[in-house]
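S.K.: Okay, handing you the structure first.
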Amino acid sequence: MQQFRGSGSFGAGRLARACNIYEKMLRDKDCTVFLTLSGAVVPAGMRALVADLIRARLVDVIVSTGASIVHDTIEALNGHHYKGSWMADDRELFRYHIFRIYDVLVPEEDYVKLDYQLAEMYREIAAERRGESLSSNEFAWELGKRLKDPNSILRAAYEEDVPIFIPAVRDSEFGYIHLLHASQEKQKNILEVDAFKGVPRICEICGKSPRNGMVVIGGGVPRNTVQSAAIAANKGMDYAVVITMDRPETGGLSGSTLRESVSWGKVKGEADKIMVIGDALVMFPLIVASVVERLGNEFTRTPYLKRGKLTPRRSK
Amino acid sequence: MRSAEKEKRFCGNCGSHNPYEYPARIFCSKRYAQNKEPIVDTLWCCGNWSPVNQGCHCVRDALKKKSSV
Numbered sequence: 001m002q003q004f005r006g007s008g009s010f011g012a013g014r015l016a017r018a019c020n021i022y023e024k025m026l027r028d029k030d031c032t033v034f035l036t037l038s039g040a041v042v043p044a045g046m047r048a049l050v051a052d053l054i055r056a057r058l059v060d061v062i063v064s065t066g067a068s069i070v071h072d073t074i075e076a077l078n079g080h081h082y083k084g085s086w087m088a089d090d091r092e093l094f095r096y097h098i099f100r101i102y103d104v105l106v107p108e109e110d111y112v113k114l115d116y117q118l119a120e121m122y123r124e125i126a127a128e129r130r131g132e133s134l135s136s137n138e139f140a141w142e143l144g145k146r147l148k149d150p151n152s153i154l155r156a157a158y159e160e161d162v163p164i165f166i167p168a169v170r171d172s173e174f175g176y177i178h179l180l181h182a183s184q185e186k187q188k189n190i191l192e193v194d195a196f197k198g199v200p201r202i203c204e205i206c207g208k209s210p211r212n213g214m215v216v217i218g219g220g221v222p223r224n225t226v227q228s229a230a231i232a233a234n235k236g237m238d239y240a241v242v243i244t245m246d247r248p249e250t251g252g253l254s255g256s257t258l259r260e261s262v263s264w265g266k267v268k269g270e271a272d273k274i275m276v277i278g279d280a281l282v283m284f285p286l287i288v289a290s291v292v293e294r295l296g297n298e299f300t301r302t303p304y305l306k307r308g309k310l311t312p313r314r315s316k
Numbered sequence: 317m318r319s320a321e322k323e324k325r326f327c328g329n330c331g332s333h334n335p336y337e338y339p340a341r342i343f344c345s346k347r348y349a350q351n352k353e354p355i356v357d358t359l360w361c362c363g364n365w366s367p368v369n370q371g372c373h374c375v376r377d378a379l380k381k382k383s384s385v
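Protein sequences appear in the order of chains V and Z.
The working numbering numbers the first residue of the first sequence as 1 and each following residue consecutively.
The working numbering numbers the first residue of the second sequence as 317 and each following residue consecutively.
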């Protein structure tokens with residue numbers, strides 16, 4: 001990575017700069033680090049990496065698509081993602097109830113087992129919370145409480161009290177599990193998750209933290225959730241690393257440049273920022289490995305969130 | 317319904333089947349909604365049988381598995 005930094009050019013230069021910025025975020029005692037997840041993070045094998053970052057306190061807040069958290073839950077419930085081939089016959093896969101995520105395969109029955117067990121968890125959570133609407137981060141916390149797998153992102157976040165916001169929670173298997181749960185006759189309590197309820201919380205985190213940094217894998221709704229919280233807090237991000245392969249010309253958020261984000265006030269003009277154009281599933285582990293090595297074994301970090309500056313908002 | 321015809325109507329041929337332990341067992345969301353045990357044998361007789369839903373190999377493989385036991 002140092003040689004990449006020495007080159008300073010093209011993708012190598014951007015990758016080296018991303019390492020510098022992530023390291024700077026972590027060494028800044030007053031910075032809250034947001035990690036956003038989109039795309040096939042878990043099927044690609046980054047689940048334990050994210051869980052390790054949570055446990056090492058190298059991220060403070062996660063904002064994720066529903067799908068990434070669903071994939072994490074599948075693994076936590078003994079389901080698996082298998083190495084396959086992108087050239088598999090998809091009509092045959094359909095007939096055998098096997099789903100394909102590029103060259104990774106997951107049996108439908110792992111989803112069905114997830115549906116069944118989570119529908120039962122929904123019932124239990126709804127009974128405990130007695131009609132209370134949960135924010136997506138409270139919902140994630142309740143799930144993490146019920147999972148035992150130490151490599152689970154949800155479980156690690158529950159144990160370390162790292163909030164996981166899932167702004168588009170219904171746009172994933174979680175939504176269809178809710179349909180199954182709510183379909184049961186004589187169901188006394190139906191679980192309610194309020195998409196708006198987490199907004200004040202994430203804005204509070206951004207607002208009270210003296211500085212904020214984001215590491216974006218992909219983009220989409222999770223990236224915009226963090227950036228919008230920064231605007232709502234009248235701040236803008238102080239540090240930003242975006243890893244994407246999307247292009248800006250379509251106007252979609254995942255490809256939008258960080259300069260474009262500056263125009264909205266989502267990222268400060270003077271922020272340390274870089275966009276790495278590449279496969280996040282390759283780039284992000286390289287960045288983490290490099291930064292962890294630079295920080296060394298003695299490095300410890302107490303997130304701003306944990307230093308009493310923000311009221312802990314654990315669920316009951 | 318004639319008994320031979322009824323015997324051909326298996327869960328795995330209806331719109332609400334999903335494999336639970338392929339190919340032997342399925343999860344039936346209709347039974348779950350009715351608060352009945354949702355996991356049933358793939359070759360269990362089902363009143364919601366429909367040939368148009370059957371693009372998959374569940375029943376064929378379950379029959380093969382059954383005959384090999």
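For glycine and all other residues, C-beta sits at the position ideal for the given N, C-alpha and C.
1. From this set, Z:N351, Z:Q350, Z:C362, Z:Y338, which residue's C-alpha is nearest Z:G331's C-alpha?
2. Is it a yes or a no for the region 16 to 25 of chain V touching the region 265 to 280 of chain V, going by three-plus beta-carbon pairs under 8 Å?
3. Do we get a CB-CB distance below 8 Å when we pair V:Q184 with the residues of chain Z?
4. Would a check of beta-carbon distances place Z:V343 closer than 8 Å to chain V?
5. Kindly say whether V:L180, judged by its beta-carbon, lies nearer than 8 Å to any beta-carbon of chain Z.
6. Comparing the C-beta of Z:P354 with each C-beta of chain V, is any distance below 8 Å?
7. With a 10 Å radius around its C-beta and 16 neighbouring C-beta atoms as the bar for buried, classify Z:P367 as buried or exposed.
8. Any idea which residues DSSP pairs Z:C361 with across the strands?
9. Please determine, among V:F165, V:V42, V:E75, V:A56, the residue with the shortest C-alpha to C-alpha distance to V:Y102.
10. Taking the beta strand (DSSP E) that Z:H333 belongs to, which residues open and close that run?
11. I'd like to know if V:F94 contacts chain Z, where contact means its C-beta is closer than 8 Å to some C-beta of that chain.
12. In chain V, which residues lie with their C-beta within 8 Å of the C-beta of Z:N351?
13. Measure the beta-carbon distance from V:C206 to V:A229 and round it to whole angstroms, keeping in mind my assumption that it falls under 8 Å.
14. Using the three-state DSSP reduction, which class does V:N20 fall into: helix, strand or coil?
15. Taking the alpha carbon of V:R170 as the reference point, which residue from V:R155, V:S152, V:S136 has its own alpha carbon closest?
16. Ignore the nearest five residues each way along the sequence and tell me which others in V:D60's own chain have a CB closer than 6 Å to its CB.
17. Return the CA-CA distance between V:E92 and V:V63, expressed in angstroms with no decimal places.
18. What's the C-alpha gap between V:G220 and Z:K381?
19. Give, in chain order, every residue of the region 105 to 118 of chain V whose Cβ lies closer than 9 Å to some Cβ of chain Z.
20. Would you identify the three-state DSSP class for V:S133, choosing helix, strand or coil?
21. I want to see whether chain V comes within less than 8 Å of Z:N334, judged by CB atoms only; does it?
22. Would you identify the three-state DSSP class for V:D335, choosing helix, strand or coil?
23. Pick helix, strand or coil for V:N297, following the three-state DSSP scheme.
24. Which of the three DSSP states is assigned to V:F94 in this structure?
25. Determine the chain V residues that contact Z:C372 at a beta-carbon separation under 9 Å, and present them in chain order.
26. Any chance the region 370 to 378 of chain Z sits against the region 117 to 133 of chain V, with 3 or more Cβ pairs inside 8 Å?
27. Tell me which residues share the same chain as V:S290 and place their Cβ nearer than 7 Å to its Cβ, disregarding the 5 neighbours each side in the sequence.
28. To the nearest angstrom, how far is the alpha carbon of V:K268 from that of V:Y176?
29. For V:S172 and V:G213, what's the separation of their Cα atoms in angstroms?
30. How big is the Cα-Cα spacing for V:Y158 and V:E293?
31. Tell me the DSSP secondary structure of V:T323 in three-state form.
32. How is V:G213 classed by DSSP in three states: helix, strand or coil?
33. My parser needs the alpha helix (DSSP H) runs of 4 or more residues fully inside the region 146 to 229 of chain V; what are they?
M.R.: To lay it out plainly:
1. One-based indexing of the second sequence puts residue 331 of chain Z at position 15. Measuring from the Cα of Z:G331, the nearest candidate turns out to be Z:C362.
2. yes
3. Along the first sequence, one-based indexing puts residue 184 of chain V at 184. At least one chain Z Cβ lies under 8 Å of V:Q184.
4. Position 27 of the second sequence, counted from the start, is the residue given in the question as residue 343 of chain Z. Residue identity check: residue 343 of chain Z is Phe in the sequence provided, not Val. Judged by the 8 Å Cβ criterion, Z:F343 is in contact with chain V.
5. Counting from one through the first sequence, the residue named residue 180 of chain V turns up at place 180. With 8 Å as the cut-off, V:L180 counts as an interface residue toward chain Z.
6. Looking up residue 354 of chain Z in the second sequence gives position 38. True, the Cβ-Cβ gap to chain V drops below 8 Å.
7. On the second sequence, residue 367 of chain Z is found 51 positions in, with the first residue counted as 1. By the neighbour-count rule (16 or more Cβ atoms within 10 Å), Z:P367 is not buried but exposed.
8. On the second sequence, position 45 is the one that residue 361 of chain Z refers to. Answer by DSSP bridge pairing, in chain order: Z:F326.
9. In the first sequence, counting from the first residue as 1, residue 102 of chain V sits at position 102. Considering only alpha carbons, the answer is V:V42.
10. For this step, residue 333 of chain Z is matched to residue 17 along the second sequence. It spans 333 to 337 - the beta strand (DSSP E) in which Z:H333 sits, taken as one unbroken run.
11. The residue labelled residue 94 of chain V in the question sits at position 94 within the first sequence. Judged by the 8 Å Cβ criterion, V:F94 is in contact with chain Z.
12. Here the question's residue 351 of chain Z lines up with position 35 in the second sequence. By Cβ distance, chain V contributes Q184, E185, K186.
13. Here the question's residue 206 of chain V lines up with position 206 in the first sequence. Here the question's residue 229 of chain V lines up with position 229 in the first sequence. Confirmed, Cβ separation roughly 4 Å.
14. Taking the first residue of the first sequence as position 1, residue 20 of chain V is located at position 20. Of the three classes helix, strand and coil, the one that applies to V:N20 here is helix, per DSSP.
15. Start at 1 with the first residue of the first sequence, and residue 170 of chain V comes out as number 170. The residue with the shortest Cα to Cα distance from V:R170 is V:S136.
16. Residue mapping note: residue 60 of chain V aligns to position 60 of the first sequence, counting from 1. The answer, listed in chain order, is T32, V33, P303, L305.
17. Translated into positions along the first sequence, residue 92 of chain V becomes position 92. Translated into positions along the first sequence, residue 63 of chain V becomes position 63. V:E92 and V:V63: Cα-Cα distance of roughly 35 Å.
18. As a position in the first sequence, residue 220 of chain V is number 220, starting the count at 1. As a position in the second sequence, residue 381 of chain Z is number 65, starting the count at 1. Between V:G220 and Z:K381, the C-alpha separation is close to 45 Å.
19. P107, E108, E109, Y111, V112, K113, D115, Y116
20. Along the first sequence, read from residue 1 onward, the residue named residue 133 of chain V stands at position 133. Correct three-state label for V:S133: strand.
21. In the second sequence, the residue the question calls residue 334 of chain Z occupies position 18. Yes, because at least one Cβ of chain V sits closer than 8 Å to the Cβ of Z:N334.
22. An answer regarding residue 335 of chain V cannot be provided, because it is not within the stretch 1 to 316 covered by chain V.
23. As a working mapping, residue 297 of chain V is identified with position 297 in the first sequence. Looking at V:N297 - three-state DSSP - the assignment turns out to be coil, as it is neither helix nor strand.
24. Stepping through the first sequence from its first residue, residue 94 of chain V is reached at position 94. Residue state, collapsed to three classes: helix.
25. Here the question's residue 372 of chain Z lines up with position 56 in the second sequence. Chain V residues near Z:C372: F94, R95, Y96, H97.
26. no
27. Taking the first sequence and counting its residues from 1, the one referred to as residue 290 of chain V is at position 290. Answer for V:S290: M1, C19, listed in chain order.
28. In the first sequence, residue 268 of chain V corresponds to position 268, counting from 1. In the first sequence, residue 176 of chain V corresponds to position 176, counting from 1. V:K268 and V:Y176: Cα-Cα distance of roughly 39 Å.
29. Residue 172 of chain V sits at position 172 when you count from the first residue of the first sequence. Residue 213 of chain V sits at position 213 when you count from the first residue of the first sequence. Straight-line Cα distance between these residues: approximately 27 Å.
30. Taking the first residue of the first sequence as position 1, residue 158 of chain V is located at position 158. Taking the first residue of the first sequence as position 1, residue 293 of chain V is located at position 293. Their backbone Cα atoms lie some 26 Å apart in a straight line.
31. The shown model of chain V, from 1 to 316, leaves out residue 323 of chain V, and the question about it has no answer.
32. Walking along the first sequence from the start, residue 213 of chain V turns up at place 213. In the structure shown, V:G213 sits in a strand (DSSP, three-state: E or B).
33. 153 to 160, 173 to 183, 199 to 208
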